[in-house]
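S.K.:
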Amino acid sequence: LEDVALLLESCVVHDEDEFESSPRAHTPYRAVAAEEAPIPPTFGFVKTPHWSRVDADAQDAFAELIERLGDRVEEVELAGAIERAWDWHGIIMEAEVAVSLAREWDKGRARLSDRLRARIERGRGHGAADYLEALAQIPRLNEGFTELFEQKYDALLTPAATGIAPAGLASTGDPMFCSLWTLCGLPALSVPLMSGANGLPLGVQLVGARHGDGRLLRTARWLVDSLRRA
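Residues in the sequence shown are numbered consecutively from 15, following the numbering used here.
#1: Within 8 angstroms, do at least three Cβ pairs link the stretch 203-222 to the stretch 172-188?
#2: Give every residue of the same chain whose Cβ lies closer than 8 angstroms to the Cβ of Ser-66, excluding the five residues on either side of it in the sequence, and list them in chain order.
#3: Report yes or no: do three or more beta-carbon pairs, one from the stretch 39-59 and one from the stretch 153-167, lie closer than 8 angstroms?
#4: Considering Cα atoms alone, identify which of Leu-79, Asp-71, Ala-39 and His-64 is closest to Leu-237.
#5: In this structure, does DSSP put Ser-24 in helix, strand or coil?
#6: Taking the alpha helix (DSSP H) that Val-238 belongs to, which residues open and close that run?
#7: Below 8 angstroms on the Cβ atoms is my contact criterion, and I expect Ala-99 with Leu-194 to pass it. Report the Cβ-Cβ distance as a whole number of Å.
#8: Helix, strand or coil for Glu-91? Go by DSSP, reduced to three states.
#9: Determine, using beta-carbon pairs with one atom in the stretch 220-238 and one in the stretch 35-55, whether at least three such pairs fall under 8 angstroms.
#10: Quick check: the Cα distance between Glu-23 and Thr-41, rounded to an integer number of angstroms?
See below:
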């Protein structure tokens, strides 16, 4: 966590050449991460609609984690049109990849991987109306998450992946459990608090309120220290 905090201090700066970047006060993330939480944090456990894709040993590990946290955690059922969030994320990502790699597509598409070519082709097929509609959902989704964080939870707990890392270098695994938080621009980090059946680490993903990166680090520190003492 200290390394993550140090990296944030170096990277989270205003970039005048990036139109989505905005000025913000400097946060001493290392100092914030080392602070004691004023009160023990409260967590919401989010399975998401894709819980059935989580490996059995990972599901068992999460059940044990939730039991250890006791009254500090409760399950949260995401409401509304949340199931469509993954479709909206796909439309935005694929359309923007197609635009960003337009030069590579025009001049050397044969040298691109099959997977990347397929993604660009899908992106080129998305209409402007679909893209703009997907973008319009982001603030609506964030309204619901803002309410969760303001009224009750310091962080949400959810899988970082469907299970342990896959063998080999061909793939980093299914990003399904990161897509929602990426879409909404919420800070998230994965902490290897659990182990799979073969001893490889299983990540617990902590998700915080928008622009609450420092508080999320402090909450993650509390969780790690609390489980070590248990």
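Backbone N, C-alpha and C fix where the C-beta goes; we use that ideal spot for every residue, glycine too. Here the structure is a predicted model, which means the values were calculated and not measured.
M.R.: To lay it out plainly:
#1: At 8 angstroms Cβ cutoff, the stretches touch.
#2: As a first step, residue 66 must be located in the sequence shown, where it is residue number 52. Nothing listed; no residue qualifies.
#3: Yes: the two stretches touch, three or more of their Cβ pairs being nearer than 8 angstroms.
#4: As a working note, residue 237 is residue 223 in the sequence shown. Nearest option by C-alpha distance: Leu-79.
#5: In the sequence shown, residue 24 corresponds to position 10, counting from 1. Look at Ser-24 here: in three-state DSSP terms it is helix.
#6: Within the sequence shown, numbered from 1, the residue matching residue 238 stands at position 224. It spans 227-243 - the alpha helix (DSSP H) in which Val-238 sits, taken as one unbroken run.
#7: Within the sequence shown, the letter at position 85 stands for residue 99. Within the sequence shown, the letter at position 180 stands for residue 194. Right, the Cβ-Cβ distance comes to about 5 angstroms (below 8 angstroms), so this counts as a contact.
#8: Locating residue 91 in the sequence shown gives position 77, where the first residue counts as 1. Residue state, collapsed to three classes: coil.
#9: Short answer: they touch.
#10: Numbered from 1 along the sequence shown, position 9 holds the residue referred to as residue 23. Numbered from 1 along the sequence shown, position 27 holds the residue referred to as residue 41. Each residue's Cα considered, the two are about 7 angstroms apart.
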